[in-house]
Amino acid sequence: MRICLGLIFLFFAASCTEANLYSPGKPRKEANRVALTGRVCTEDPVDARFPVKVVLLVDQAPGPLYSDFDPAGLRVGYITDFISRSLNNDMVEFAIVGYAGSPRKLAPLEGNFTRNPGELFGAAASLAIQQPCLAEGTCRNYRNGMRTARALIEGDLANSPAGLRVLTQYVIIHLNAGAHQPLADGSECCQSDDVQCRDANAGPSPLCDGQLSVQEITSLRDRVSAEGAAGLRYHAIQFAAATDAAENDQVQAQLEQVAFAGGGTMQRFNLVGGANSTTFNVLELRTVLNAKLLLAANLNARPGADGPEVDTDADGLTDEEEEALGTSPFNSDTDQDGVSDFVEVLAGLNPLVPEDPPPAACQGLVPFSDRDLDTLTDCDEAILGTSPTLVDTDGDGIPDPLELFAGTDYLNRDTERDADSDGVSNGDEHLLNTDPRSTDAINHLSFGYRYEIEDEGFVREKFGSTPERTTGVLISDVSAGTTPGIGTLRYDAANQTLSWQDADDTAAGIPIEVGEGGDFELPSGSFAPIQGDDGKFVVVSVDPVNLPPADETETIRVIFRDRQCLTYTIRNIQMVPTGALDIQPDISGINNVWLYFAQGPEGRPTAPGPFRLAQIQFQVTPPNQRDPDDAVLLIRNDEFVRPIILPGAP
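Residues -19 to -1, 1 to 631 (mature numbering (1 follows the signal peptide of the UniProt record, and there is no 0)) are what the sequence shown spells out, left to right.
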């Protein structure tokens, strides 16, 4: 699908090109317009190693599971192996809950989730011991176990920064061997005031019992989504241990319903030997990220009623406004108190005198910290009420600083509104980089950004993991013919060469000299040029400064990833003549153009999601010099970065 944004709302038609910006017969007077082009993709949660928090909910009820079905406790070994393998991914954490008549949190000893292998293996070993019934007929209360899992997940949500929550996938893996006890009374599934229903359905009801379990998981999924996390998956593993075949079938039917409601899988095993440690390989089933919005902005060219206005320090106040206020146009925080000039003016503080003590909202924050890399300090965001770990607090796709500086609502979605009643919505004005508070339709032709975006949809492609020891090397592409699996990358420090061995080859290809840096194709041993992309090779990007000082040999994992990709060109981005910042007094003309790529969890287009950001710096020297001087500048996908949010204060 090809999308053309920009000028369709004007009085006359115009294409998404820069054909009319310059007269081809005359020399260009100013090098003040640039275009950006490239391809950007959403992140695959598995490839990007997003956090995964797993609750193992395990049946310990006395009965056939322990006495007949699995007296040797093979399932405990499967669980231990699964935990051991999963801990190789440093973004996976666990909690273990056992249940019989009542639930027990077995791990962690403190907190909600852990990576401590000692705690986890000890807890797993204790699953080999059956637990007592609470009373006769109350031996397997797994809904209370679900509630314990919920408490752990809710506790983790409360203690995680919003920017980390948007990446976190919660997973419940439920190992169950029989029917819930006590079986729910049918009246529990009636409205409290529906006497007729309650009377008609009184008595144990497998149907109602399953419905209550579905409600438990559905409610938890809704809560996880409402708190801004990536999502929750519930997976069920049934050990059909009951001596009554009908009971096993009934349990299967219920668990299938719950797994469906939980967006997960259901597996049944009639023999314990039919399962193994790979039975638990469900962690790669994640909430997919969709492309939400791609937006460009020159932070030094603030949209104004008469076109872009110079903002040398990119603090939201134009140089002219700063001169009137007495603040420095060359320092975004004139008084160096950790609160930017714009926010101080907005909050009624004095931008010329340091706040001492700091504002109450900023107490305990690291001075000048900007965890989400959106150019607003954590202190700024605390005063404003925005999230210091989300680029876009209200989830409308527009970054907080752009909404703040433009005067639109950064706490509530207002992209569909038209604040200046000029026929262009607030959201489109942000895309165009025009002023949403000024009736300036005539400026949209001259100054509005022009977007050509082609949505490729979801693309399945192979990729290679990032080398850990072979520094300065990035696997940037993998051929169609490369074998998924474990390949080998070798670096010869003396000759500064790299070689590649495919997972299906017995030898590496010819070494390629990479000492000068750049992009290189590394063939595997079986590669022949006639094979083209069907041959086995990888493409690497090399930074020669960071190459290892000694030989390195390491394994590279080649797997598939699914990403939504956009091909784009954004034109008519205007440069402005900025002054020199205080920290760079000898350099003027700097323009910082940002590309903001908003991602969102599938099915939740209004939810805040992670951003990928690219910053492109230009230096303009009037009348006709610009560095870089490309009329159309290519921006690679790997130039976009996502802010890394660490666990800590929300």
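Cβ atoms here follow ideal geometry from the backbone N, Cα and C, with glycine treated the same way.
According to the neighbour-count rule (16 or more other Cβ atoms, all chains shown, within 10 Å of its Cβ), is Gln231 buried or exposed? Translated into positions along the sequence shown, residue 231 becomes position 250. It is buried - the Cβ of Gln231 has at least 16 other Cβ atoms within 10 Å.
Counting Cβ pairs closer than 8 Å, one from the segment 448 to 465 and one from the segment 522 to 541, do we hit at least three? yes
Using three-state DSSP, classify Ile626 as helix, strand or coil. Sequence index remark: in the sequence shown, residue 626 carries index 645 (1-based). Correct three-state label for Ile626: coil.
Please go through the segment 443 to 490 and give each complete beta strand (DSSP E) segment of 3 or more residues, from N-terminal end onward. 454 to 459, 466 to 473 and 478 to 482
Going along the chain, which residues of its own chain have a beta-carbon closer than 6 Å to the beta-carbon of Leu267, five neighbours each way excluded? One-based indexing of the sequence shown puts residue 267 at position 286. One detail in the question is off: residue 267 reads as Arg in this sequence, not Leu. Contacts found: Pro26 and Gln150.
Between the segment 16 to 23 and the segment 535 to 548, can you find at least three pairs of beta-carbon atoms closer than 8 Å? yes
Reduced DSSP secondary structure (H/G/I, E/B, other) of Ala422: Along the sequence shown, one-based indexing puts residue 422 at 441. Ala422 falls in the helix class under three-state DSSP.
Using a Cβ-Cβ cutoff of less than 7 Å, which residues in the same chain neighbour Glu169 once the five nearest sequence positions on both sides are dropped? Residue mapping note: residue 169 aligns to position 188 of the sequence shown, counting from 1. Result list for Glu169: Cys189 and Leu193, in chain order.
Mind checking Ile511: buried by the 16 CB within 10 Å criterion, or exposed? As a first step, residue 511 must be located in the sequence shown, where it is residue number 530. Exposed is the call here.
Find out if the Cβ-Cβ distance for the pair Val35, Val152 is shorter than 8 Å. Position 54 of the sequence shown holds residue 35. Position 171 of the sequence shown holds residue 152. Going by C-beta atoms, Val35 is nearer than 8 Å to Val152.
Candidates Thr374, Glu290, Pro89 and Thr602: which alpha carbon is nearest Ala579's? Locating residue 579 in the sequence shown gives position 598, where the first residue counts as 1. Nearest of Thr374, Glu290, Pro89 and Thr602 to Ala579, Cα basis: Thr374.
If contact is defined by three or more beta carbon pairs under 8 Å, each pair taking one atom from either stretch, is the segment 127 to 144 in contact with the segment 65 to 73? no
Take Val613 and list the residues in its own chain whose beta-carbon comes closer than 6 Å to its own, dropping the five residues that flank it on each side. What you label residue 613 is simply residue 632 of the sequence shown in a count that begins at 1. Once the five neighbours on either side are set aside, the close Cβ partners of Val613 are Ala16 and Thr18.
Check whether Ser460 and Asp486 have beta carbons under 8 Å apart: Position 479 of the sequence shown, counting from 1, holds the residue named residue 460. Position 505 of the sequence shown, counting from 1, holds the residue named residue 486. Not closer than 8 Å, so no.
DSSP puts Asn157 in a beta bridge; with which residues? Position 176 of the sequence shown holds residue 157. Asn157 pairs with Gln219.
Taking the alpha carbon of Gly285 as the reference point, which residue from Gln606, Gly516, Ser350 and Gly388 has its own alpha carbon closest? To locate residue 285, count along the sequence shown from 1; it is residue 304. The shortest Cα separation from Gly285 among Gln606, Gly516, Ser350 and Gly388 belongs to Gly388.
Identify, in the order they occur along the chain, each residue of the same chain with its Cβ nearer than 8 Å to the Cβ of Ala183, setting aside the five sequence neighbours on each side. For this step, residue 183 is matched to residue 202 along the sequence shown. Excluding sequence neighbours, Ala183 sits near Asp166, Gly167 and Ser168.
Looking at the strands, I want to know which residues DSSP matches up with Ser522. Locating residue 522 in the sequence shown gives position 541, where the first residue counts as 1. Ser522 is bridged to Leu455 and Asp500.
Nearest-angstrom Cα separation, counted from Glu197 out to Ala234: Position 253 of the sequence shown holds residue 234. Position 216 of the sequence shown holds residue 197. Looking at the two C-alpha atoms, the distance is approximately 16 Å.
Arg131, enclosing alpha helix (DSSP H) - first and last residue: Working through the sequence shown from its first residue, we reach residue 131 at position 150. That run of the alpha helix (DSSP H) goes Tyr123 to Ala139.
Distance between beta carbons of Arg352 and residue 704, contact taken as under 8 Å: Residue numbering for the chain in the displayed model covers -19 to 631; residue 704 lies beyond these limits and cannot be assessed.
Rounding to the nearest angstrom, what Cα-Cα distance links Pro628 and Asn140 in this structure? In the sequence shown, residue 628 corresponds to position 647, counting from 1. In the sequence shown, residue 140 corresponds to position 159, counting from 1. Distance between the alpha carbons of Pro628 and Asn140: 8 Å.
Looking at the unbroken beta strand (DSSP E) that takes in Tyr391, where does it start and where does it end? Against the sequence shown, residue 391 aligns to sequence position 410. That residue, Tyr391, is in no beta strand (DSSP E); it is neither H nor E in DSSP.
Beta carbon of Tyr59, beta carbon of Phe261: below 8 Å? Locating residue 59 in the sequence shown gives position 78, counting from the first residue. Locating residue 261 in the sequence shown gives position 280, counting from the first residue. In this structure, Phe261 lies closer than 8 Å to Tyr59 by Cβ.
Euclidean distance between Cα positions of Arg398 and Leu275: Working through the sequence shown from its first residue, we reach residue 398 at position 417. Working through the sequence shown from its first residue, we reach residue 275 at position 294. Cα to Cα, Arg398 sits roughly 19 Å from Leu275.
Nearest to Gln112 by CA position, among Asp515, Phe102 and Lys86, is which residue? On the sequence shown, residue 112 is found 131 positions in, with the first residue counted as 1. Here the closest residue by C-alpha is Lys86.
Can you tell me whether Ile537 is buried or exposed, with buried defined as 16 or more other CB within 10 angstroms of its CB? If you number the sequence shown from 1, residue 537 lands on position 556. With 16 or more Cβ atoms within 10 Å of its Cβ, Ile537 is classed as buried.
Using the Cβ count rule (16 or more neighbours within 10 Å means buried), how would you classify Ala(-1)? Translated into the one-based positions of the sequence shown, residue -1 becomes position 19. With a pLDDT of 40 at Ala(-1), under the threshold of 50, the predicted position of this residue should be treated as unreliable, and no value is reported.
Any idea if Ser402 is buried or exposed, counting beta-carbon neighbours within 10 angstroms, 16 or more meaning buried? For the purposes of this step, residue 402 is taken as the residue at position 421 of the sequence shown. With fewer than 16 other Cβ atoms within 10 Å, it is exposed.
Less than 7 Å between C-beta atoms, sequence neighbours within five positions excluded: which residues of the same chain meet that for Leu90? Your numbering for residue 90 matches position 109 in the sequence shown. Closer than 7 Å at Cβ, skipping near neighbours: Glu100.
Do you know how far the Cα of Leu138 is from the Cα of residue 641? The shown model of the chain, from -19 to 631, leaves out residue 641, and the question about it has no answer.
Could you tell me which residues DSSP puts in a beta bridge with Val152? Here residue 152 refers to the residue found at position 171 when the sequence shown is read from its first residue. Val35 and Arg214, per the DSSP bridge assignment.
Inter-residue Cα distance where the pair is Pro340 and Glu304: Along the sequence shown, one-based indexing puts residue 340 at 359. Along the sequence shown, one-based indexing puts residue 304 at 323. Computed Cα separation, rounded: 25 Å.
For Glu74, count neighbouring Cβ atoms within 10 angstroms of its own Cβ and tell me buried if that reaches 16, exposed if not. Locating residue 74 in the sequence shown gives position 93, where the first residue counts as 1. Its Cβ being crowded by 16 or more others within 10 Å, Glu74 is buried.
Which stretch, first to last residue, makes up the alpha helix (DSSP H) that contains Ile77? Sequence index remark: in the sequence shown, residue 77 carries index 96 (1-based). From DSSP, Ile77 is part of no alpha helix (DSSP H) but of the beta strand (DSSP E) over Val73 to Tyr80.
For Thr431 versus Arg283, is the C-beta spacing smaller than 8 Å? Position 450 of the sequence shown, counted from the start, is the residue given in the question as residue 431. Position 302 of the sequence shown, counted from the start, is the residue given in the question as residue 283. A quick correction: the sequence has Arg, not Thr, at residue 431. No, the pair does not count as a contact, with Cβ atoms beyond the cut-off.
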